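Residue numbers (full-length UniProt numbering): 118 to 391. Idealized CB from N, CA, C, for every residue including glycine. From a predicted model like this one, the values you see are computed outputs, not experimental measurements. Before any comments, here is the structure.
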Ligand code: C2E
Ligand code: CA
Ligand code: CA
Ligand code: CA
């Protein structure tokens with residue numbers, strides 16, 4: 118769209134995926150409680166049981182509508198706001214988890230964190246403290262860190278991850294296959310879960326390259342005793358393929374459920390079981 122000279126650019130349409138957000142506006146948004154968690158179920162492939170949910174943060178902007186994390190996580194990281202942002206996500210997730218437990222639902226709760234979060238001295242302390250206050254068992258909590266972030270500083274990561282595992286907090290390598298970890302590094306990392314990136318999952322049944330990467334990743338995870346999650350299960354074909362394969366533990370994706378607000382989870386669980 119061509120704009121006449123001097124004419125102001127139109128406001129971004131609702132829910133648009135534009136560029137990075139303005140840091141000062143983000144600081145304001147965090148302080149005003151505009152960040153809210155949505156949750157996407159993780160389901161056991163063998164029997165369809167719901168293992169837990171992953172928190173995915175959204176910014177409900179008063180003028181721009183919903184803004185997605187790709188537009189503000191890196192900004193928070195670069196402007197010293199990631200500790201506060203992650204605390205806010207964790208606080209909401211633990212409070213929602215307490216609500217679900219009161220309804221008899223014991224779900225594992227996964228949170229996305231950055232390397233800065235897990236290697237910070239204060240954040241793991243905050244997590245354990247909050248979990249204790251809200252009655253959340255630490256072994257029902259999972260922290261997901263992307264493979265590329267881990268491998269940027271493997272030694273630092275190793276130390277932080279080991280400290281968290283000692284507390285029995287679950288640790289998951291996210292977007293696996295998009296970073297560059299070696300088998301030797303993985304063997305040294307005490308991760309208990311590996312999430313295979315959606316670029317190798319969706320349409321794996323008809324693409325020999327994806328299939329090969331997918332299969333060898335599963336074989337490696339099995340050898341290392343890690344639980345596996347296939348993300349990006351988008352259609353019945355993906356789901357059927359994984360079920361027939363019978364090797365991957367959990368699945369996540371639009372075919373099962375899209376991320377949804379906390380208050381929809383109870384209803385979703387009811388209709389999923391019937
Ligand atoms: P991720 O952790 O890999 O999360 C999966 C992303 O894929 C989510 O996008 C989710 O909505 C989307 N997705 C789920 N199922 C499907 C599917 O079947 N097909 C496709 N095409 N996409 C699917 P979202 O919510 O926009 O999040 C993007 C990334 O932002 C996340 O990737 C995660 O790395 C990061 N992120 C989200 N929430 C947080 C947070 O609270 N803290 C931090 N540090 N990062 C977060
Ligand atoms: Ca994730
Ligand atoms: Ca992922
Ligand atoms: Ca991702």
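Would the beta-carbon of residue 264 fall within 8 Å of that of residue 226?
Mapped onto the chain shown, residue 264 falls at position 147. Mapped onto the chain shown, residue 226 falls at position 109. Contact: no.
Only counting the same chain, and skipping five residues up and downstream in sequence, which positions put a Cβ closer than 8 Å to that of residue 230?
Here residue 230 refers to the residue found at position 113 when the chain shown is read from its first residue. Cβ neighbours of residue 230 beyond the five flanking positions: 203, 240, 260, 261 and 262.
Enumerate, from N- to C-terminal direction, the unbroken beta strand (DSSP E) stretches of 3 or more residues contained entirely within the region 168–198.
182–184
Please find out if some non-hydrogen atom of ligand 3 comes closer than 7 Å to the beta-carbon of residue 264.
Here residue 264 refers to the residue found at position 147 of the chain shown. No; taking the cut-off as 7 Å, the Cβ of residue 264 has no heavy atom of ligand 3 nearer than that.
Helix or strand or just coil, what does DSSP make of residue 387?
Along the chain shown, read from residue 1 onward, the residue named residue 387 stands at position 270. Helix at residue 387.
For residue 297, count the other beta carbons within 10 Å of its own beta carbon; 16 or more makes it buried, fewer makes it exposed. Which is it?
Sequence index remark: in the chain shown, residue 297 carries index 180 (1-based). So residue 297 ends up on the exposed side.
Near residue 354, which residues of its chain fall below 7 Å by C-beta distance, leaving aside the five closest residues on each side in sequence?
The residue given as residue 354 occupies position 237 in the chain shown. Answer for residue 354: 322, listed in chain order.
Roughly how many angstroms lie between the CA atoms of residue 277 and residue 295, to the nearest whole one?
What you label residue 277 is simply residue 160 of the chain shown in a count that begins at 1. What you label residue 295 is simply residue 178 of the chain shown in a count that begins at 1. Approximately 22 Å between the Cα atoms of the pair.
Contact belief for residue 251 with residue 212 at Cβ below 8 Å, rounded distance in angstroms:
As a first step, residue 251 is located in the chain shown; it is residue number 134 there, counting from the start. As a first step, residue 212 is located in the chain shown; it is residue number 95 there, counting from the start. Right, the Cβ-Cβ distance comes to about 7 Å (below 8 Å), so this counts as a contact.
DSSP state of residue 130, grouped into three classes?
What you label residue 130 is simply residue 13 of the chain shown in a count that begins at 1. Because residue 130 carries a pLDDT of 49, less than 50, the predicted location of this residue cannot be relied on, and no value is offered for it.
Quick check: is any heavy atom of ligand 4 less than 7 Å from the C-beta of residue 276?
Within the chain shown, numbered from 1, the residue matching residue 276 stands at position 159. Flag unset: Cβ of residue 276 not near ligand 4.
Please classify residue 168 as buried or exposed, where buried requires at least 16 neighbouring CB atoms within 10 angstroms.
Walking along the chain shown from the start, residue 168 turns up at place 51. It is buried - the Cβ of residue 168 has at least 16 other Cβ atoms within 10 Å.
Is residue 351 near ligand 1, with its Cβ less than 7 Å from a heavy atom?
Position 234 of the chain shown, counted from the first residue, corresponds to residue 351. The answer is yes for residue 351.
Kindly list the residues whose CB is nearer than 7 Å to the CB of residue 342, restricted to its own chain and excluding five residues on each side of it in sequence; keep chain order.
Taking the chain shown and counting its residues from 1, one reaches residue 342 at position 225. Result list for residue 342: empty, nothing under 7 Å.
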